[in-house]
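Structure first, then comments.
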Amino acid sequence: MPLIVLTGYPSSGKSRRADQIKQYLLERLQNENKNMRIHHIHDPSLNVTKDAYRDPREEKKARGAMLSAVERVLSKDDIVIADGLNYIKGFRYQLYCIARAIGTPHCVVHAGTPTQMAKEWNAQRADGYDETVFDELVTRYEEPEARNRWDAPLFTVIYDDENVPGDAIWDAVILRRPPPPNLSTISKPVSDTNYVYELDKVTLEIINAVVEGQKEHGPGGLPMVVPNASEKVVNPARSVTLSELRRLRKQFISINKQRTTLDVGRLGDLFTEYLNTNLA
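First residue of the sequence shown? That's 12 in my numbering, and the numbers climb one at a time after it.
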């Protein structure tokens with residue numbers, strides 16, 4: 012069943028909200044005689060400490076652990092609460108893709124706490140984040156937007172709200188029909204032995220074209236024509252580094268190599284859509 016993604020500043024009360032959601036769901040499931048399990052995934056359950064956020068490599072491992080745990084337990088018979096910073100929109104998009112591939116609803120719950128208040132709460136905690144780490148995480152935080160499909164439906168719970176909007180969350184993820192899987196997430200039987208080769212080749216050619224396009228026309232120009240795709244890549248009003256493109260390519264390959272075999276002829280358009288989503 013559904014995936015509920017928590018997001019917010021460090022020490023903004025996310026785990027408190029996750030506990031409230033879990034308690035509400037347990038009571039509602041019991042009252043309605045629904046036999047569903049609830050999995051609460053957070054850093055402590057993954058043996059991830061706050062020190063992991065001091066080192067980009069360790070932080071990347073922490074995100075990978077969260078993603079793997081969600082993939083492992085999410086099903087049409089389980090409710091998963093992904094309780095973490097989840098501050099990168101591209102990471103929230105990956106979580107959304109997992110839910111969509113399975114054909115189960117998802118929502119995002121944003122712990123809406125002002126920066127200064129979260130900082131004060133953090134300072135009061137014996138196991139709080141290092142102040143420098145806290146400031147860096149706040150600076151990098153990409154706030155969810157309801158207009159983005161991977162952030163919708165979005166519930167923002169203000170810091171002084173006594174409780175979460177349990178009824179609304181229930182309606183959104185239990186009663187709502189799941190989104191139909193799209194071509195970039197739906198599972199199909201393996202039929203093309205060249206699939207992995209094509210996935211690697213097509214995505215590499217596209218990121219090389221984006222690099223050359225920005226060199227030739229500069230940031231913010233017209234959308235870029237890329238090989239193997241009818242869709243164009245939007246040219247952001249900033250320089251896109253090769254390392255950023257390689258990271259997005261690696262994410263796209265990881266998602267689709269593990270979960271599905273796509274129509275090889277559509278790989279270019281699907282990767283272009285993925286780039287446009289994450290470079291916006």
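Where is the CB? At the ideal position from N, CA and C, for every residue including glycine.
For a minimum of 4 consecutive residues, which ranges assigned as the alpha helix (DSSP H) are wholly contained in the region 65 to 92? 67 to 84
Of the choices A93, R74 and S86, whose alpha-carbon is the least far from that of S26? A93
Cutoff 6 Å; reference I197; Cβ partners in own chain excluding five residues on either side: Only weak support exists for where I197 lies, its pLDDT of 47 falling under 50; the value from the coordinates is given anyway. Excluding sequence neighbours, I197 sits near nothing in its chain.
Counting C-beta neighbours from all protein chains within 10 Å, is the total for T60 16 or more, i.e. buried, or is it exposed? exposed
Nearest-angstrom Cα distance between G123 and K268? 35 Å
Report the partner residues of G19 according to the DSSP bridge assignment. A122
Over what stretch of residues does the alpha helix (DSSP H) that includes V221 continue unbroken? Y206 to H228
Classification of A248 by the beta-carbon crowding that lies within 10 angstroms, buried from 16 upward: exposed
Please state the DSSP three-state secondary structure of D138. coil
Between the C-alpha atoms of K100 and V119, what's the straight-line distance to the nearest angstrom? 11 Å
Note down the Cα distance separating H121 from G19, rounded to an integer number of angstroms. 6 Å
Quick one, are the C-beta atoms of Y104 and T288 less than 8 Å apart? yes
If distances are taken between C-alpha atoms only, which option among I15, V16 and I32 comes closest to V175? I32
Given a threshold of 16 other Cβ atoms within 10 Å of its Cβ, counted over all protein chains shown, does D87 qualify as buried or as exposed? The identity of residue 87 in the sequence shown is Lys, whereas the question assumes Asp. Exposed, by the Cβ-count rule.
Nearest residue (CA-CA) to I90, options P67, P116, E70 and K71: P116
For M47, write down the residues that DSSP places opposite it in a beta bridge. M47 pairs with nothing; no bridge assigned.
Check whether the region 147 to 155 and the region 37 to 51 are in contact - that is, three or more C-beta pairs closer than 8 Å. no
C-beta neighbour in chain C for T60, strict 8 Å: Looking for chain C here will not work: only one protein chain is present.
Reducing DSSP to helix, strand and coil, say where L165 ends up. strand
Measuring CA to CA, which of Q225, L165 and P238 is closest to W181? L165
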